[in-house]
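Peer 1: Dropping the structure in here first, questions after.
2 protein chains.
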Amino acid sequence: MVWTIDFRDKRPIYEQIVSGIEDEIINGLISPDEPLPSVRSLATDLSINPNTIQKAYRQLEADGYTYSVPGRGSFVKNTEGVREMKKKEVLRDLTDLIRRARELGVTEDEIKEAIKGDNGK
Amino acid sequence: MVWTIDFRDKRPIYEQIVSGIEDEIINGLISPDEPLPSVRSLATDLSINPNTIQKAYRQLEADGYTYSVPGRGSFVKNTEGVREMKKKEVLRDLTDLIRRARELGVTEDEIKEAIKGDNGK
DNA sequence: TATCTGTATTATTCGTCATAGTACAGTTGA
DNA sequence: TCAACTGTACTATGACGAATAATACAGATA
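In order, the protein sequences belong to chains D and G.
1 is the number of the first residue of the first sequence in the working numbering; add one for each residue after it.
1 is the number of the first residue of the second sequence in the working numbering; add one for each residue after it.
If you want it as structure tokens, here you go:
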């Protein structure tokens, strides 16, 4: 487990779990058809209620990241397209944010600086 | 009133009001020392409870956008610096989002496209 | 002085989040 | 076969925030 629960975070726990596992899937830390930790074991590891984990897993399945087999476990789906979806989502957010930046009078140079200043490459 | 309440929005009503009025102030639709609509009249216009408006106005004052005078009304503050604050905030969000985009494998070209594709200038 | 203004307070309703406990059916390995 | 795992479902409870409702008070104003 790379991530942890942040109790000061205003987002609900189950949501933190969802996005944490989403990231693991997208970054290939869990491969397709590999099992997620079981509801009960993850609940024990994170010291939270199993029902909360179940809610997160239900969400992950609804979002198309995983599939569940009663009696066996929850598994990572074939994530062809998922990464593409996420990329499109981020690019949409990016254009929105840049529009907002322009409305505030942020200059082109400042925008370029934000892009360059990030990776230093 | 330029904006309206979106009841399907997951954000609470009072927060929508805060950011709606913030935008009006930043975009100069209400000038410094101009009065905001009164708590009761805005509540009537938006068909929501006066207490909700009061909460939003309290927030706006706490955030430094307005000042209130009991018996007279709520007024827009001199917003020197507010726009600067917002710009810095947006630029921070921008670097975060671009980092996330890179992590997803978004190319430099796609990022530049998002910037250009926006204003077409 | 009537009517506007902001402000404060208490009570109630509602929905979400999280926990707790229990139960059931499918799977698996010893 | 069977104990121990798996996902899943259900009800109940407590905590919390959001929103509404109903008053009340003091300052400002025409």
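Beta carbons: idealized from backbone N, C-alpha and C, even for Gly.
#1: Measuring CA to CA, which of G:Met1, G:Glu110, G:Pro12, G:Asn78 is closest to asparagine 49 of chain G?
#2: According to DSSP, is glycine 20 of chain D helix, strand or coil?
#3: Between which two residues does the alpha helix (DSSP H) holding serine 41 of chain D run?
#4: Leaving out the 5 sequence neighbours to the left and right, which residues in its chain are closer than 6 Å to threonine 124 of chain D when beta-carbon positions are compared?
#5: Would you check if there are 3 or more beta carbon pairs closer than 8 Å linking the segment 19 to 37 of chain G to the segment 61 to 71 of chain G?
#6: Does the segment 90 to 100 of chain G come into contact with the segment 85 to 103 of chain D, if we say contact requires no fewer than three beta-carbon pairs (one atom in each stretch) closer than 8 Å?
#7: For the ligand SAM, is there a heavy atom less than 6 Å away from the beta-carbon of leucine 46 of chain G?
#8: Does tyrosine 57 of chain G come out as helix, strand or coil in the three-state DSSP assignment?
#9: Alpha carbon to alpha carbon, how far is glutamate 89 of chain D from arginine 83 of chain D? Give it in angstroms, no decimals.
#10: What is the DSSP secondary structure of tyrosine 65 of chain D, counted as helix, strand or coil?
#11: Leaving out five residues on either side along the sequence, give the residues of the same chain with a beta carbon under 7 Å from the beta carbon of lysine 121 of chain G.
#12: List, in chain order, every chain D residue whose beta-carbon is nearer than 8 Å to that of valine 90 of chain G.
#13: If we ignore side chains and look at the alpha-carbon of each, how far apart do threonine 79 of chain G and phenylalanine 7 of chain D end up?
#14: Can you give me, in chain order, the residues of the segment 50 to 62 of chain G that have a beta carbon less than 7 Å from any beta carbon in chain D?
#15: The beta strand (DSSP E) that contains valine 76 of chain D, what's its start and end?
#16: When we look at the beta-carbon of isoleucine 21 of chain D and count the other beta-carbons within 10 Å, is it buried (16 or more) or exposed?
#17: Report all residues from its chain with a CB closer than 8 Å to the CB of valine 18 of chain G; omit the five preceding and five following residues, and keep chain order.
Peer 2: According to the structure shown:
#1: As a position in the second sequence, residue 49 of chain G is number 49, starting the count at 1. Ranking G:Met1, G:Glu110, G:Pro12, G:Asn78 by Cα distance to asparagine 49 of chain G puts G:Pro12 first.
#2: Mapped onto the first sequence, residue 20 of chain D falls at position 20. Reduced to three states, the DSSP call for glycine 20 of chain D is helix.
#3: On the first sequence, position 41 is the one that residue 41 of chain D refers to. Where serine 41 of chain D is concerned, the enclosing alpha helix (DSSP H) stretches over 39 to 46.
#4: Coverage of chain D is limited to positions 1 through 121, which leaves residue 124 of chain D absent and any answer about it impossible.
#5: At 8 Å Cβ cutoff, the stretches touch.
#6: Contact check between the segment 90 to 100 of chain G and the segment 85 to 103 of chain D: three or more CB pairs, one atom from each, fall below 8 Å, which counts as touching.
#7: Ligands are entirely absent from the displayed structure, and the ligand SAM is therefore not among its contents.
#8: Locating residue 57 of chain G in the second sequence gives position 57, where the first residue counts as 1. Helix, per DSSP.
#9: Stepping through the first sequence from its first residue, residue 83 of chain D is reached at position 83. Stepping through the first sequence from its first residue, residue 89 of chain D is reached at position 89. Rounded to the nearest angstrom, the two C-alpha atoms are 10 Å apart.
#10: Translated into positions along the first sequence, residue 65 of chain D becomes position 65. Reduced to three states, the DSSP call for tyrosine 65 of chain D is coil.
#11: Here residue 121 of chain G corresponds to residue number 121 of the second sequence, with the count starting at 1. Reliability fails at lysine 121 of chain G, whose pLDDT of 38 lies under 50, so the model's placement of it is uncertain and the value that follows must be treated cautiously. There are no such residues.
#12: Within the second sequence, numbered from 1, the residue matching residue 90 of chain G stands at position 90. Around valine 90 of chain G, the beta-carbon contacts reaching into chain D at under 8 Å are Leu97, Arg100, Ala101, Leu104, Val106.
#13: If you number the second sequence from 1, residue 79 of chain G lands on position 79. If you number the first sequence from 1, residue 7 of chain D lands on position 7. One alpha carbon belongs to threonine 79 of chain G, the other to phenylalanine 7 of chain D, and they sit about 35 Å apart.
#14: Per Cβ criterion, the list is empty.
#15: Here residue 76 of chain D corresponds to residue number 76 of the first sequence, with the count starting at 1. For valine 76 of chain D, the enclosing beta strand (DSSP E) covers residues 73 to 76.
#16: Start at 1 with the first residue of the first sequence, and residue 21 of chain D comes out as number 21. With 16 or more other Cβ atoms within 10 Å, it is buried.
#17: Residue 18 of chain G sits at position 18 when you count from the first residue of the second sequence. The answer, listed in chain order, is Ala56, Gln59, Leu60, Asp63.
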